[in-house]
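Every position in the sequence shown, counted from 1, becomes a number in this note's numbering once 3 is added.
Glycine is no exception: its CB is placed at the ideal position from the N, C-alpha and C atoms.
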Amino acid sequence: MMRGVMSRKIPQEIIDLFEKYMDNNVRHLEKKEAIHMLRSEFGLDEDQATTMFDTFDKDKNGQMSIWEFQQFYVCMGTHAQEVVQKFKEIDKDHSGKIDVNEAKEGLRSLKTATGRDLDPKEVEFFIETTSDEQGQIDLGAFTNLLYRLRLYNAPPPPKDVKLKNPKANENPKANENPKANE
Ligand SMILES: [Ca+2]
Ligand SMILES: [Ca+2]
């Protein structure tokens, strides 16, 4: 019973860092303090820190709670600046969001956990699973994408594998294999 409680505890390094910027014993930072923290601890500039704050202020109350900070820390950690830089590189027209074309181009420069390039099929998969209904990827979704990629250690898909084609069932040749009709 106690163990379950323990495992949900926030790691000490995260608490220590957060508490350096906390007033009193309230476990949240006002926007201004949070941005100050993001700048001094993670080397972000004002704009980048503001974007990060807005991205991770999940409940949009203008404060960063220690839970929100933990999310930031786990997703971005010391890579925050790198991630923002990468996002800007890929967002070629500086619209603040990555559209499908920018993503197709940009994701080719990203690596998986094992250090290989993404296969075009995987690029499509990651775009589909990351973008919003308008097919756009914002900085928050992008950080999430990079986080997933850091854990993604699957082998490259075989070259001759065909993606599932819904029309395959209409192909009469499928009936050549009797088992297909079971
Ligand atoms: Ca908040
Ligand atoms: Ca764009």
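Asked	Found
Environment of K100 [buried if 16+ CB atoms lie within 10 Å]	buried
Q66 Cβ short of 7 angstroms to ligand 1 heavy atom set	yes
Those residues which DSSP pairs with E36 across a bridge	Answer is none; E36 lacks a bridge partner.
8 angstroms CB neighbourhood of Q74 in its chain, flanking five on each side removed	F59 and K61
Option in Q51, I69 and L47 with minimal Cα separation from D19	I69
Sequence-distant residues of the same chain with beta carbon closer than 6 angstroms to Q15, five excluded per side	none
Closer than 7 angstroms: D141 CB and nearest ligand 2 heavy atom	no
Under the three-state DSSP convention, the category K100 falls into	coil
Proximity test, D60 beta-carbon vs ligand 1 heavy atom, cut-off 7 angstroms	yes
Heavy atom of ligand 2 within 7 angstroms of K100 beta-carbon	yes
Beta-carbon proximity list for Q66, same chain, < 8 angstroms, skipping 5 on both sides	H31, L32, E33, K34, A37 and D60
Exposure of D135, with buried meaning 16 or more beta-carbon neighbours within 10 Å	exposed
Per-residue DSSP class, three states only, for D141	coil
Of the residues G46, G118 and D96, the one placed nearest A157, counting alpha carbons only	G118
Range of the contiguous alpha helix (DSSP H) that encloses M55	E49 to F59
Bounding residues of the alpha helix (DSSP H) (the contiguous stretch that carries Y76)	I69 to C78
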